[in-house]
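*Asks:* Just add 259 to wherever you are in the sequence shown, counting from 1, and you've got the working numbering.
Backbone N, C-alpha and C define an ideal beta-carbon position, used for all residues, glycine too.
Quick one: structure below, then a few questions.
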Amino acid sequence: MLSKSGQIKDTGLIEARDYRVLSVTVLEKDFDTSGWPGLTTVGVTQSCRQEKGKAPSQEQRYYISSAGLDEKRFAESVRGLWQVESLHWVLDVSMNEDNCQIYRDHGATNWSQLRKMSLNMLRAEPAKTSIPTKRKRAWMKTAYLEKVLNAGLNQSFKHTNK
260 MLSKSGQIKD TGLIEARDYR VLSVTVLEKD FDTSGWPGLT TVGVTQSCRQ EKGKAPSQEQ
320 RYYISSAGLD EKRFAESVRG LWQVESLHWV LDVSMNEDNC QIYRDHGATN WSQLRKMSLN
380 MLRAEPAKTS IPTKRKRAWM KTAYLEKVLN AGLNQSFKHT NK
C-alpha cells in the first residue's frame, strides 16, 4: 500500500490518500475474469479529507487497467487522470467548451487548442483574479489584453529556452 498525505496551506484542508493495487492473477483464484480480456490490474484509491471546522469525509474510487502497475505507478496514473479532468472542468466552466458546436473538419480540434492556449495565457498573467474575470477584462480592455498576451508569450519563451 502506498500512502500520500498533505495539508493545503491557508485553506485548512487536510487530505490523505491510500493507493492499493491487486494483480489479476490474485483475482483469478476467486473470480472469473474471462469477461475482462487484457485486465491485469485492479486498483483502489481511498481519500480522507477534512476541511477546517467540518467532519472528515471518506471516498473510495476503483480503477481497472490493462497495464501492470505497481502502487507508485498507479498513484501517478490516478493523479495524472485527475489533472486531465481538472483541465477539462476549467475549460468547460471558464470557456464553455462543452457547448462548442463546431464539428466540421479540424475545427473542433483547432478551437480546443486555441482555448487551451488562451487559458495558459490567462494563467500566466499574475493578477489574483479568476479566469472568467480575467477573460472578461481582456474582452473589455485592450491594454489588459496586451498584458495577458505578453505574459503568455513570455511564459512560452521561458519554456522553449530551457
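Per DSSP, G302 forms a beta bridge with which residues?
*Replies:* V280 and Y322, per the DSSP bridge assignment.
*Asks:* Taking DSSP as the reference, what is the three-state secondary structure of I361?
*Replies:* DSSP places I361 in coil when its eight states are reduced to three.
*Asks:* According to DSSP, is A314 part of a helix, a strand, or is it coil?
*Replies:* Coil at A314, not helix or strand.
*Asks:* Nearest to K417 by alpha carbon, out of Y403, R394, M399 and A383?
*Replies:* Here the closest residue by C-alpha is A383.
*Asks:* Using a Cβ-Cβ cut-off of 8 Å (strictly less than) and excluding sequence neighbours within five positions of V349, which residues of its own chain qualify?
*Replies:* Taken in chain order, the residues that qualify are L378 and I390.
*Asks:* Can you give me the C-alpha to C-alpha distance between K395 and W370, rounded to a whole angstrom?
*Replies:* Going from the Cα of K395 to the Cα of W370 covers about 19 Å.
*Asks:* Suppose contacts are defined by Cβ-Cβ distances below 7 Å. Is Q319 in contact with C307 by that definition?
*Replies:* It is not a contact, given that the beta carbons lie outside the stated cut-off.
*Asks:* In angstroms, rounded to a whole number, what distance separates the CA positions of L404 and L381?
*Replies:* In a straight line, the C-alpha of L404 is about 9 Å away from that of L381.
*Asks:* So, is V285 buried or exposed, given that buried needs 16 or more other C-beta atoms within 10 angstroms?
*Replies:* Per the 10 Å Cβ criterion, exposed.
*Asks:* Does the region 309-316 come into contact with the region 327-335, if we say contact requires no fewer than three beta-carbon pairs (one atom in each stretch) closer than 8 Å?
*Replies:* These segments do not touch.
*Asks:* Would you mind working out which of P296, I273, V407 and W398 sits nearest S310, comparing C-alpha positions?
*Replies:* The amino acid at residue 310 is misidentified as Ser; the sequence shows Glu. Checked all of P296, I273, V407 and W398; the closest Cα to E310 is I273.
*Asks:* Cβ of N298 within 7 Å of Cβ of V283?
*Replies:* Reading off the sequence, residue 298 comes out as Leu, not Asn. Their beta carbons are under 7 Å apart, which means L298 touches V283 by this criterion.
*Asks:* Between V337 and T304, how many whole angstroms is the CB-CB distance? I'm expecting something under 8 Å.
*Replies:* Contact holds; Cβ gap of about 6 Å.
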